[in-house]
Structure formats: C-alpha cells, structure tokens
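Below: the structure, in structure tokens.
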Amino acid sequence: MTEQTPQPEERKETTEPRDAVYWARYAETLKVSGVAEGATNINVEGRRAVGPLQGFGKMWQKTYRVRLGGVDASPAEVIQTWKENYKDFWPEGNVFYAPLAGITPGEVALISGSLPGGVKLSTGVMVLYADDESFTLMTPQGHPFSGWITFSSFEEDGATIAQAQVLMRANDPLYEVGLRMGGHKMEDEMWQKTLANLAVHFGARDPVETNLVCVDPKLQWRHYRNVWHNAGIRSALHMVTAPLRWRRDRAAR
Amino acid sequence: MPQAQITMDVRRVSDKVSVVDVKGELTAFAEGVLMDAYGQASEGGVRGIVMNFEGLEYMNSSGIGLLVTLLIRVNREKQRLLIFGLSDHYQSIFQITRLDDAIAIHDSEEEAVKAAST
C-alpha cells in the first residue's frame with residue numbers, strides 16, 4: 000500500500016469547514032438565473048441581499064411551529080418535502096417561482112405577492128443556507144422586510160416539529176407603517192397557513208403555535224432611504240405604465 | 000433537543016474588556032451558552048465584548064441569528080461587540096449576511112482588545 004500526498008485542491012477541500020457546502024457564496028448583487036412564465040424580475044436582479052441589520056423598522060423575531068403528532072417522518076424527511084414542495088404550501092394569493100435548481104444555496108427565487116388595491120408585488124428571495132434539516136431565505140433590497148426566514152425541523156418530546164422563524168425589520172418607513180396597519184397580521188396568517196398546509200400534507204392536524212418577540216423597538220432612521228428601492232411602489236409603477244410599454248413594443252414591430 | 004456542541008470561556012483582559020473564546024458549533028442550540036457567556040463577560044461594567052472565533056468549527060444560519068440578537072443586546076447596554084479569529088470562510092459568511100456592516104472584525108486579539116478599549 001502506498002501513501003499519496005494530497006494535491007493542493009484536495010487539501011483545500013479537507014480544510015474547509017463542513018458547513019461550507021450549505022452556505023451561499025458571496026456575491027455583491029443578486030442574479031436571477033431564469034424567469035419563469037408569469038414572474039416579473041423588476042425588483043431582484045442587481046439588488047443586494049439585506050439582513051435584519053439593514054432594515055428600518057422595529058426588529059421582530061417571529062416563530063411559527065407545528066407538532067407533526069403521530070407522523071413517522073424524520074426532520075430530514077420533513078425538510079426534504081418542504082424544499083421540494085415549498086410553493087405548494089403557500090396560501091393562495093402569493094406565488095413562489097422556485098429556482099430551476101431548487102432550494103439550494105445561492106439560488107434566487109422570484110415572488111409575486113398581493114398588496115392592497117390589487118397591486119401585484121414583485122419581489123424575491125435568495126437561498127442563504129440549506130442543509131438537511133433547515134434552510135434559510137434572505138430578502139433583497141425593496142422587499143417589505145429586511146431579514147431571514149429559517150425553516151427547520153427537529154425532534155422534541157418524541158415528535159417531529161416543523162418551524163418557520165423570521166428575523167426581520169420593515170425595510171423602509173412606508174413598509175413599517177403598512178406592517179403596523181395590518182401587514183404583521185397578514186404575514187402571521189401566511190406562515191400559520193403555510194405550516195398548517197405542511198402538517199396536513201403529512202397527515203397531522205395539530206395547531207400552529209406562534210411566538211412574536213420584539214427584539215429591538217428602535218427604528219433605524221439612518222436607513223430611511225431604503226424607500227428608494229421599495230418593491231411595492233416600483234411594482235405599482237410597473238403596472239400602471241404597462242400600456243405605455245405595450246404601445247412602445249407595438250410601434251417597434 | 001440535542002445538546003449544544005460548544006463551549007465559551009470568558010477571560011477578563013482589562014477593566015473594560017472581556018474576551019469570549021468560542022470553541023465548537025454555533026447553532027440554535029448554543030443560545031443558552033452564548034447568553035450565559037455574555038452575562039459573565041458583562042459583569043462589572045465591561046464596555047467591550049471581544050469574541051474569539053479561532054475555535055469555531057461549524058455555524059448554521061440560526062447561529063448567525065443568535066449573533067444578531069446578541070448584537071442588539073450589546074448595543075442596548077451601550078457596549079461594543081468586536082470579533083477576531085474568523086477564517087476566510089466565516090469572514091465570507093459575515094459578508095454575505097452583512098453582519099460585517101455592524102460588527103467590527105479584527106485580525107488579532109491584540110487589535111480587537113485595543114479597539115475595544117478606545
């Protein structure tokens with residue numbers, strides 16, 4: 000038996016921490032690899048991903064969890080199912096256009112949401128982290144909130160738990176007002192329904208528990224200019240100027 | 000719930016600065032250990048908390064979330080949070096999560112302690 004000296008590349012691989020494959024690689028701005036039919040990529044491409052420290056409003060940690068009582072599924076099986084069927088668990092009115100490569104680190108997904116007044120909000124998320132028992136999505140500039148959503152599953156008291164945890168601030172002053180005037184409630188309902196749908200998929204009927212914690216009540220006024228990227232305003236402008244673009248395209252033919 | 004696979008030893012290096020030596024895995028299960036270490040490091044009117052990440056072996060997104068909530072607590076107490084000993088990999092994670100916008104990252108303990116003392 001002979002011993003071989005590892006090549007430089009092999010050596011590098013062995014010295015990388017084992018979490019390296021789970022994290023997205025750093026990129027200055029987001030890049031969408033493909034735009035699915037029906038999706039609009041007006042507020043994601045070229046934007047920076049932003050975390051809870053870059054937002055404007057109060058910082059919240061919102062935890063939604065459901066016990067999958069009587070279900071014989073491991074945390075890894077729950078997360079695999081969640082990743083594969085992510086869009087199907089969302090409630091009606093919001094569309095998640097999954098990346099072609101699926102929920103894998105660094106992939107960017109487009110989202111179409113509903114805003115009051117019939118405006119369709121075009122935004123997206125980047126997959127920041129994904130391992131066998133959890134995955135995290137990070138929002139772009141202009142998204143209603145600045146932060147991360149971590150979906151995870153683990154065992155507790157002999158049962159498998161599915162959990163979504165949001166760490167967020169409203170991205171700008173307008174969104175902060177919107178969240179206080181019903182936006183938080185809408186968001187809570189969305190994740191409660193998502194978890195309920197996931198539980199039903201596995202045949203469980205346990206109630207979804209919600210825990211809301213205001214981590215930082217301070218507003219970050221230095222980030223008020225985030226309103227420039229407000230995806231709600233930009234989506235509304237995109238919608239009202241659609242006839243002009245149609246006329247321009249027609250004239251160009 | 001699984002046990003936390005992490006230890007955090009606190010050293011007081013001056014009247015105003017404590018160093019926390021992190022060894023192991025920073026995940027959601029490390030919350031209790033992290034907050035205990037922070038409480039210990041803050042005793043006696045410490046103004047600068049320096050975290051030594053040379054022994055960090057694994058970190059997931061929940062671990063990064065814990066650092067955000069720690070930072071908020073530190074700011075609320077009008078203290079400063081500083082870090083050193085991050086490998087290139089973990090520096091890149093601080094960059095992508097944009098924690099480097101808010102937490103000062105230094106190359107050595109000496110540098111971090113000096114910055115925390117000013």
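Chains X and E supply the protein sequences, listed in that same order.
Counted from 1, the first sequence has number 146 at position 147 by numbering that gives the first Met the number 0; the numbering is strictly sequential.
Counted from 1, the second sequence has number 102 at position 103 by numbering that gives the first Met the number 0; the numbering is strictly sequential.
For every residue, glycine included, the Cβ atom is placed at its ideal position computed from N, Cα and C.
With the criterion set as a beta carbon lying under 9 Å from some beta carbon of chain E, the members of the region 42-63 of chain X are ARG47, ALA48, VAL49, GLY50, PRO51, LEU52, GLN53, MET58, GLN60, in sequence order.
Taking a contact as a CB-CB distance under 8 Å, the pair E/ASN51 and E/ASP20 counts as one, their CB atoms being some 5 Å apart.
By the C-beta density criterion, X/SER32 is exposed, having fewer than 16 other C-beta atoms within 10 angstroms. DSSP, reduced to helix, strand and coil, places X/GLN79 within a helical segment of the structure shown. Using a 10 angstroms sphere on the CB of X/MET125, the tally of other CB atoms reaches 16 or more, which defines it as buried.
At a cut-off of 8 Å between beta-carbon atoms, X/LEU67 makes no contact with chain E. X/ARG47 and X/GLY69 have their C-alpha atoms roughly 42 Å apart.
Shown here, X/LYS192 sits in a helix according to DSSP, grouped into three states. Look at E/ASN51 here: in three-state DSSP terms it is strand. Taking the Cα of X/ASP156 as reference, the smallest distance to any Cα among X/SER121, X/GLU132, X/LEU67, X/THR138 is reached at X/LEU67.
When the Cα atoms are used, X/GLY54 and X/TRP81 turn out to be separated by approximately 28 Å. Using a Cβ-Cβ distance cut-off of 8 Å, the region 127-140 of chain X and the region 56-64 of chain E are in contact, since at least three pairs of beta carbons, one from each stretch, lie closer than that value. For X/SER133, the nearest CB of chain E lies under 8 Å from its own CB, placing it at the interface with that chain. Sequence-distant partners of E/GLN90 (beyond 5 residues in either direction) whose C-beta falls short of 8 Å from its own C-beta, in its chain, are ASP99, ILE104.
Where E/HIS105 is concerned, there is no enclosing alpha helix (DSSP H), although the beta strand (DSSP E) around it starts and stops at 103-105.
Using a CB distance below 7 Å, the part of the region 201-217 of chain X facing chain E consists of VAL214, ASP215, ordered along the chain. In the structure shown, the three-state DSSP call for E/GLU30 is helix.
Between X/ASN93 and X/GLY117, the C-beta gap is not smaller than 8 Å, which leaves the two residues out of contact. In this structure, DSSP gives X/TYR85 a helical state, which the three-state scheme calls helix.
In this structure the region 223-240 of chain X lies against the region 173-191 of chain X, because at least three pairs of beta carbons, one per stretch, are closer than 8 Å. Residues of chain X with a Cβ closer than 7 Å to the Cβ of E/GLU56 are, in chain order, PRO16.
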